[in-house]
Every structure is written in structure tokens, then in C-alpha cells.
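>
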Amino acid sequence: MIGGRILFGGDYNPEQWPEEVWPDDVRLMKQAGVNSVTLGVFSWAKLEPRPGAREFGWLDRLMDLMHENGIGVVLATPTASPPPWMGKLHPETLPIDEDGRTVWWGSRQQFSHSSVVYRQYAAAITEDLAARYGSHPALTMWHINNEYCTHDWGEEAARAFRTWLRARYMSTDALNEAWGTAFWSQRYDSWDEIIPPRRAQYLKNPTQVLDFKRFTSAALMECYLAERDIVVRHTPRIPVTTNFMPLWTGQDAWQWSRHEDIVSVDIYPDPKDPLAGQYNAMIGDMTRSQARGPWMLMEQAAGPVNFRGVNHPKPRGLNRLLSLQSVAHGADAVCYFQWRQSRQGAEKFHSGMVSHAGEHGRTYQEIKQLGAELALLAPEVGGTQVSSQVAILHDWESWWADQQDGRPSTGVEYPEIVRAWHRALWEAKIPAGFAHPEHDLDSYALVLIPHLYLLTDSAIDALVAYVRDGGTVVCGFHTGVADRDDRIRDGGMDARLRELFGIRTIHEWWPLDAGETVDCGAFRGLLWSEEIEASETAETLAGYKGGELDGLPAVLRKGRARYLSTLPEPDALRAIISGVARDAGVRPSLENLPEAVEAVHRGDLLFLLNHSRETVTFDIPGDRRHDLLTGTEVSGRVELERYGVRVLRS
Ligand code: GLA
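This note's numbering numbers the first residue of the sequence shown as 16 and each following residue consecutively.
1) Can you list, in chain order, the residues of its chain whose CB lies under 8 Å from that of residue 595, leaving out five sequence neighbours each side?
2) Using 8 Å as the cut-off, classify the Cβ of residue 281 as near or not near the heavy atoms of the ligand GLA, replying yes or no.
3) Say the cut is 8 Å; is the CB of residue 371 nearer than that to a heavy atom of the ligand GLA?
4) Determine the extent of the alpha helix (DSSP H) in which residue 21 is found, giving its start and end residues.
5) Going by the C-beta, is residue 311 closer than 8 Å to any heavy atom of the ligand GLA?
6) DSSP state of residue 573, grouped into three classes?
7) Expressed to the nearest angstrom, what Euclidean distance is found between the alpha-carbon atoms of residue 192 and residue 203?
8) Just checking my contact of residue 542 with residue 556 at CB under 8 Å: how many whole Å lie between their CB atoms?
9) Whole alpha helix (DSSP H) runs in the stretch 173-235 with 4 or more residues, listed along the chain?
10) Could you tell me which whole alpha helix (DSSP H) segments of length 4 or greater appear in the stretch 75-105?
11) Enumerate, from N- to C-terminal direction, the unbroken alpha helix (DSSP H) stretches of 4 or more residues contained entirely within the stretch 39-79.
12) The alpha helix (DSSP H) that contains residue 155, what's its start and end?
13) At a threshold of 8 Å, does residue 321 count as lining the ligand GLA (C-beta to nearest heavy atom)?
14) Please say whether residue 21 and residue 533 have beta carbons closer to each other than 9 Å?
15) State yes or no: is the C-beta of residue 260 nearer than 8 Å to some heavy atom of the ligand GLA?
16) Comparing C-alpha positions only, which one of 16, 552, 162, 100 sits nearest to residue 310?
17) Is the separation between the beta-carbon of residue 623 and that of residue 662 shorter than 9 Å?
18) By how many angstroms is the C-alpha of residue 43 removed from the C-alpha of residue 655?
19) By DSSP, does residue 491 sit in helix, in strand, or in coil?
20) In the structure shown, what three-state DSSP assignment does residue 243 receive?
21) If distances are taken between C-alpha atoms only, which option among 353, 324, 317, 226 comes closest to residue 336?
22) Could you tell me whether any non-hydrogen atom of the ligand GLA is closer than 8 Å to the CB of residue 666?
23) Can you give, in chain order, each stretch of the alpha helix (DSSP H) that sits fully within the stretch 429-476 and has at least 4 residues?
24) How about residue 364: is its Cβ closer than 8 Å to a heavy atom in the ligand GLA?
25) Using DSSP's beta-bridge definition, name the partner residues of residue 350.
26) Would you decide whether residue 128 is buried or exposed? Buried here means 16 or more other CB atoms lie within 10 Å of its CB.
27) Give a yes or no on contact between the stretch 218-235 and the stretch 417-437, applying the rule of three or more CB pairs nearer than 8 Å.
28) Which stretch, first to last residue, makes up the beta strand (DSSP E) that contains residue 625?
29) Taking a contact to mean a Cβ-Cβ separation below 9 Å, would you say residue 349 touches residue 341 in this structure?
30) Any heavy atom of the ligand GLA within a distance shorter than 8 Å of the CB on residue 531?
31) Could you check if residue 60 belongs to the surroundings of the ligand GTP, using beta carbon to heavy atom distance under 8 Å?
32) Can you determine whether any heavy atom of the ligand GLA sits closer than 8 Å to the C-beta of residue 125, and answer yes or no?
33) Could you round the C-beta distance between residue 55 and residue 99 to whole angstroms and report it? I think they count as a contact, below 8 Å.
34) With DSSP as the reference, label residue 298 as helix, strand or coil.
35) Quick one, are the C-beta atoms of residue 621 and residue 611 less than 9 Å apart?
36) What's the C-alpha gap between residue 47 and residue 379?
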């Protein structure tokens with residue numbers, strides 16, 4: 016929220032259009048209530064057509080044009096897409112893939128995070144942008160780079176990797192110990208022998224791979240911080256962000272978000288997914304938790320995207336629903352990729368706020384309605400918070416360690432498991448937050464651990480202390496198995512956790528085949544099962560029926576700690592979690608809602624969102640409430656049309 020407005024707008028790429036189009040853009044923006052545009056995301060070649068040259072005239076005119084029309088500018092550093100001349104002149108700026116092949120120009124993001132030359136050029140253009148526009152009245156925010164996601168296995172990256180490893184381990188002995196290089200004769204005698212985990216004959220060293228992922232996230236963050244420091248030096252009061260991809264493996268967003276003034280994310284739910292609303296809610300909850308407050312929806316699509324096999328448009332009303340849902344989950348900005356749909360280039364089939372159908376097209380007409388509604392909501396939403404008594408623990412390092420070759424089952428997809436657990440809360444209408452396993456968990460009544468294969472000693476100690484001090488935990492399968500070096504702990508799970516859940520030993524993991532399920536009595540388990548020997552202190556809440564594990568515990572309880580050794584099918588997981596939540600004193604946002612309706616409290620506001628194509632009618636308790644979107648009073652009975660939304664103030 017800047018200047019009391021919910022930011023509404025999107026990536027604006029006017030350099031793709033003749034200047035005669037710009038006044039029409041402005042007319043349509045104003046008509047739709049657009050108050051913010053992101054300029055310059057991929058403009059490097061236009062700003063610096065030759066090494067060291069600067070062409071700012073077009074951007075000067077745009078900055079002025081936006082300001083004259085009351086539209087704020089989120090100004091991007093263009094460093095996500097180096098101009099072709101850079102690769103030609105300095106091939107070392109190009110990333111090298113795992114197979115030693117160059118990643119060429121002709122698309123975007125062809126930069127090596129470790130290239131000194133790339134970093135110099137990036138710093139220089141950032142410096143000049145900040146100097147030129149730092150005091151421009153249109154400037155509201157800095158947007159550094161775009162969706163940092165590159166990898167590099169080349170020589171310069173190898174040197175940087177070694178430097179990173181030296182700082183982490185100090186000696187090759189310590190590295191050898193951490194990586195377990197006694198296995199397969201991988202012992203390193205000197206730092207120079209160490210390389211990124213390039214194409215190899217067979218399975219790679221898992222800790223080397225894990226460290227390379229840690230390093231890559233850190234190297235990209237260094238690029239971000241270098242640019243951030245430059246703009247902050249010029250404009251200490253202008254907030255800085257960089258846009259995350261949602262639940263994206265390449266970047267530890269817990270680390271990064273600490274260095275952002277505003278945490279932003281790009282969310283592209285599949286309109287065909289019946290649980291698109293749950294996905295949108297999950298990413299909103301995760302981003303809000305990283306931001307520890309309001310966050311920015313930097314990009315979404317007004318219509319179809321172009322990166323799926325089949326790209327479905329958003330049915331009428333869905334864009335509005337998902338946008339207002341993001342606001343309900345704490346977003347103070349609702350923005351898009353992109354303003355005007357491109358006619359050329361790789362994303363010409365990706366929608367824009369103004370589609371190829373133009374001003375009279377349905378997409379723009381719906382955008383216009385949304386802009387008016389966001390303006391109505393802004394004064395009420397400002398300064399309000401969303402809270403949750405439940406935290407889902409999520410950790411990139413565990414994900415990186417877990418999702419490697421050579422594991423018990425490649426059918427276990429970490430993001431899908433996180434999603435299944437969030438879905439259980441969402442369908443139970445219980446507000447969710449996310450936390451890192453080493454965060455302070457005291458403010459939560461309930462902590463859920465969908466699946467954290469790697470847990471550090473300090474995270475385990477904190478969890479044990481949390482339960483000892485009155486907290487409730489539900490933990491999913493194959494958790495607490497490895498330490499921070501991806502070294503397997505004895506007994507199938509860390510001893511402190513086994514004690515917590517009443518497990519003596521986990522004898523074997525029994526992963527399931529695709530489509531296979533396991534009978535757990537009251538429900539069926541998916542993906543996984545475990546051969547557990549429980550201790551006398553544990554109570555068995557569900558047991559395996561039939562097969563090798565017949566009679567062994569599937570779900571264990573010891574005091575306020577529960578362990579699920581399989582992934583219960585969705586209804587069962589929801590029932591388990593909502594039962595535990597009830598016992599822990601956690602209530603749903605609203606009782607007795609129809610299945611398709613989500614209720615979210617943001618401050619004093621109650622958002623009611625109908626995620627179905629059917630009209631639904633239901634009762635809400637309490638006094639008359641004011642509907643901010645229609646200006647009417649609501650009490651008792653509420654009707655929500657397809658994809659309908661009410662925002663009620665008590
Ligand atoms: C990402 C990028 C945008 C665009 C969209 C398309 O979010 O940041 O530049 O490519 O994807 O969905």
C-alpha cells in the first residue's frame with residue numbers, strides 16, 4: 016500500500032509499441048483505476064544499446080507521462096536480460112549448464128550470477144538509473160531484476176562455489192566429513208579439485224548437490240543485494256523488492272525476504288485447476304509469512320498464460336475472485352504481467368490487462384471493474400493484518416536435500432505434500448501461516464510439519480521445547496531423517512523426535528507405487544508407509560490393515576504430538592487436522608460454510624469468497640454488516656453468485 020492505495024497495475028512494456036500508443040495506454044489505465052506500473056524489467060538493450068552507451072530519453076518521457084497522470088512507477092533494474100552484445104563481447108557472462116553447454120542469448124536471463132563482468136555492467140546501469148530517477152516524483156518502488164532463477168555450472172561459478180565452501184567449512188577435512196566423501200573415493204585433497212555437480216557417470220554426491228543449491232541461492236542473493244545497496248544509497252526512503260516465483264525451488268525465500276522492504280511474488284494458478292483458489296491462498300499465506308505483514312502480488316495473469324501444455328483463459332469472474340482473495344490474504348498490491356498483451360515475441364499468447372481484443376474485450380472490462388473495487392477497499396484495508404494460529408513448517412534446505420536422485424521414492428514431490436497439508440486447512444476453513452523450522456513458534460497454537468526430511472539440531476530442539484511448553488504438533492512422514500549435512504540419523508528419525516512421537520524405531524520406509532494406496536482402517540494412505548515400532552508411551556490412532564505392515568501403527572499420538580507415517584487421502588487429512596486444531600483451541604474462520612465458500616478475516620473485514628460456478632446461499636452469524644463492494648447492509652442470509660465476493664465490515 017503506497018499513498019493509501021492498493022497498488023493496481025502491472026508490468027508495462029511500452030518499448031514494444033510505437034509512442035503513439037502511449038497516450039491510449041494512459042487513457043485506458045486511468046479509466047481502469049491503474050495507479051502503478053512496473054517499467055523497465057527487460058529494457059537493458061534499449062537503455063544500453065552498446066556497451067556503456069545510455070539512452071534514457073524514452074524512459075524520461077514515460078516517467079513524466081506517468082507522473083502527470085498520477086500513476087506511480089515501480090522502476091525495475093533491467094538486469095534480468097542482458098543485451099546480446101554482452102554475450103558476444105564477454106562470453107564469460109553466459110551461464111554454462113550442467114553438461115558444459117553455453118546458455119545463449121535469444122531468450123532472457125542468460126547471465127551467470129558469478130560473472131564479475133556481468134555484475135559490473137549490472138551495477139553500472141543500476142547506478143545510472145538510480146542517479147537519474149532517484150528523485151523523480153513518479154518513483155514509488157525499486158524492483159530489482161526479475162524472478163532470479165539462473166544456474167551456472169561453469170568455471171567462474173566453480174571458483175565462486177569454492178570460495179563459498181571455504182567460508183562454510185574452513186578446511187577440506189571438514190568438507191570431506193560433511194560431504195561423506197569416503198563413499199566412492201570422492202575425497203578432496205585441495206580446494207581446486209572441487210567442482211559444481213556437473214554431468215557425472217552415475218548418482219552425484221548428495222551433500223555436494225545440496226551445497227550447490229545453497230550456494231546458487233546465495234550467489235543470486237549477492238547479485239540482488241549489490242543492486243539493492245546501490246538504489247538504497249541513492250534513495251534510502253524508496254522501498255525495494257524483487258519478485259519471487261511461488262514455492263520455487265531455486266531460491267531460499269526465507270533468507271531473501273529479510274532483505275526486502277516489500278516482499279512480492281508472481282502467482283499463476285491454473286484456471287482449470289478446481290483447487291486454483293487453494294493454490295492462490297497457499298502462496299498468499301506463504302508470502303505474507305515471509306513478509307511478516309502485507310505483501311505485493313507483483314504478477315498474475317488477467318487471462319491465459321502461455322507456459323502450460325494447454326493454456327486456459329480465466330472464466331468470467333475468476334480473475335476478480337482470485338485478486339480479491341489475495342487482498343483477503345494480506346496483499347496490498349494486485350498487479351499483473353502485463354499491461355498490454357504483446358503482438359510479438361515469445362509471450363504473444365500470454366494475456367495482458369488489455370488483451371488483443373482491446374478496450375471492449377471482456378478481459379479489460381473485468382479489469383476496469385476490479386480497479387474500481389480495489390479503490391473502494393483501499394481505505395478499509397490499509398494497516399490491517401491477517402493472522403493465523405497455525406503454522407505450516409516449510410524449508411528450502413530440506414526440499415533441496417530431499418528431492419534428489421537415489422532416494423526411496425521419486426513419487427514424493429515436496430511441493431505437492433506441502434500443498435496437500437495446506438489444502439486440509441483451507442478446506443477446513445482454518446487460516447494458515449507458514450514458518451521456517453527455526454523460527455520462534457510460540458505464537459502458534461498448532462504447528463504442522465508436512466514433510467521435512469532434513470531438520471537441524473536446533474530446529475529439533477525448538478520443536479521439542481515447543482511441545483513441552485504446551486504447543487501441539489502434527490508431523491508427516493519421512494521427517495527428521497537427515498541432519499544439516501544430509502547425514503542420516505540412526506533409527507529412521509532423530510532420537511529426540513522419536514521420543515517426542517513415541518517411536519522406538521522406524522525399521523523400514525515402504526514407499527507406495529503411483530496410484531497405490533494403503534489401508535489404514537478409517538482412511539487410505541497415499542505415497543508412503545512406514546514400518547514403525549512404537550514405544551509404550553505412544554497411542555496408536557490408526558493402524559495398517561493387510562500387507563506387510565498389517566497391525567503396525569500408521570498414526571501415532573503421544574500427548575500433544577502426532578505422527579502420520581503416510582499421507583492420508585484428502586478428506587482424512589482434513590478430518591485429522593481439523594480435529595487436532597479443535598482440541599488446540601483453533602477455530603475455523605466461520606462455522607457452517609458451504610464447501611465452496613472461503614471466509615477470511617483481515618482486520619475487521621470479513622471476506623467471503625465463492626470458489627464455485629454455482630450461486631451459493633448461507634447464513635452468517637452476528638449483527639448487520641456493511642458490504643463494502645455493493646454499499647448494502649447484510650445480515651443473516653448471504654447469497655454469493657458464481658465466483659462472487661463480499662467484503663463485510665462489522
Ligand atoms: C514471469 C515473468 C514475466 C512473464 C510471466 C509470464 O512471471 O516475470 O516476465 O514471463 O512470467 O507468465
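Think of the CB as a built atom: it goes at the ideal place given N, C-alpha and C, for glycine as much as any other residue.
In brief:
1) Stepping through the sequence shown from its first residue, residue 595 is reached at position 580. So the list reads 461, 487, 489, 577, once near-sequence residues are dropped.
2) By one-based count along the sequence shown, residue 281 stands at place 266. For the ligand GLA, at least one heavy atom lies less than 8 Å from the Cβ of residue 281.
3) Translated into the one-based positions of the sequence shown, residue 371 becomes position 356. No, since every heavy atom of the ligand GLA falls outside the 8 Å radius drawn around the Cβ of residue 371.
4) By 1-based counting over the sequence shown, the position of residue 21 is 6. Unbroken run through residue 21: none, as it is neither H nor E.
5) Here residue 311 refers to the residue found at position 296 of the sequence shown. Residue 311 Cβ: outside cutoff for every heavy atom of the ligand GLA.
6) On the sequence shown, residue 573 is found 558 positions in, with the first residue counted as 1. It is a strand residue.
7) Within the sequence shown, residue 192 is the residue found at index 177, counting from 1. Within the sequence shown, residue 203 is the residue found at index 188, counting from 1. Each residue's Cα considered, the two are about 10 Å apart.
8) The residue you call residue 542 lines up with position 527 of the sequence shown. The residue you call residue 556 lines up with position 541 of the sequence shown. 19 Å between Cβ atoms; not a contact.
9) 187-194
10) 99-104
11) 59-62
12) The residue given as residue 155 occupies position 140 in the sequence shown. Where residue 155 is concerned, there is no enclosing alpha helix (DSSP H), although the beta strand (DSSP E) it sits in stretches over 154-158.
13) Translated into positions along the sequence shown, residue 321 becomes position 306. Correct: residue 321 has its Cβ closer than 8 Å to the ligand GLA.
14) As a first step, residue 533 must be located in the sequence shown, where it is residue number 518. As a first step, residue 21 must be located in the sequence shown, where it is residue number 6. In this structure, residue 21 does not lie closer than 9 Å to residue 533 by Cβ.
15) As a position in the sequence shown, residue 260 is number 245, starting the count at 1. Yes, the ligand GLA has a heavy atom inside 8 Å of this Cβ.
16) As a first step, residue 310 is located in the sequence shown; it is residue number 295 there, counting from the start. When each option's Cα is compared against that of residue 310, the closest is 16.
17) Looking up residue 623 in the sequence shown gives position 608. Looking up residue 662 in the sequence shown gives position 647. Against a cut-off of 9 Å, the Cβ pair of residue 662 and residue 623 comes out as a contact.
18) What you label residue 655 is simply residue 640 of the sequence shown in a count that begins at 1. What you label residue 43 is simply residue 28 of the sequence shown in a count that begins at 1. Rounded to the nearest angstrom, the two C-alpha atoms are 30 Å apart.
19) Your numbering for residue 491 matches position 476 in the sequence shown. Correct three-state label for residue 491: coil.
20) Position 228 of the sequence shown holds residue 243. Note: residue 243 maps to helix in three-state DSSP.
21) Walking along the sequence shown from the start, residue 336 turns up at place 321. Out of 353, 324, 317, 226, 317 has the C-alpha closest to the C-alpha of residue 336.
22) In this structure the chain extends from 16 to 665, so residue 666 is not present and cannot be described.
23) 429-442
24) By one-based count along the sequence shown, residue 364 stands at place 349. No - the ligand GLA has no heavy atom lying nearer than 8 Å to the Cβ of residue 364.
25) Numbered from 1 along the sequence shown, position 335 holds the residue referred to as residue 350. Bridge partners of residue 350: 24.
26) Mapped onto the sequence shown, residue 128 falls at position 113. Buried, because 16 or more other Cβ atoms sit within 10 Å of the Cβ of residue 128.
27) yes
28) Residue mapping note: residue 625 aligns to position 610 of the sequence shown, counting from 1. Run containing residue 625: 620-625, per the beta strand (DSSP E) assignment.
29) By 1-based counting over the sequence shown, the position of residue 349 is 334. By 1-based counting over the sequence shown, the position of residue 341 is 326. Cβ atoms of residue 349 and residue 341: closer than 9 Å.
30) Here residue 531 refers to the residue found at position 516 of the sequence shown. Residue 531: no, Cβ never under 8 Å from the ligand GLA.
31) Among the ligands in the structure shown, the ligand GTP does not appear; only the ligand GLA can be found there.
32) As a position in the sequence shown, residue 125 is number 110, starting the count at 1. No, the beta carbon of residue 125 sits no closer than 8 Å to any heavy atom of the ligand GLA.
33) Taking the first residue of the sequence shown as 1, we reach residue 55 at position 40. Taking the first residue of the sequence shown as 1, we reach residue 99 at position 84. Contact flag wrong, Cβ pair sits at about 18 Å.
34) The residue labelled residue 298 in the question sits at position 283 within the sequence shown. Of the three classes helix, strand and coil, the one that applies to residue 298 here is helix, per DSSP.
35) Your numbering for residue 621 matches position 606 in the sequence shown. Your numbering for residue 611 matches position 596 in the sequence shown. Going by C-beta atoms, residue 621 is not nearer than 9 Å to residue 611.
36) By 1-based counting over the sequence shown, the position of residue 47 is 32. By 1-based counting over the sequence shown, the position of residue 379 is 364. The straight-line gap from Cα to Cα measures roughly 8 Å.
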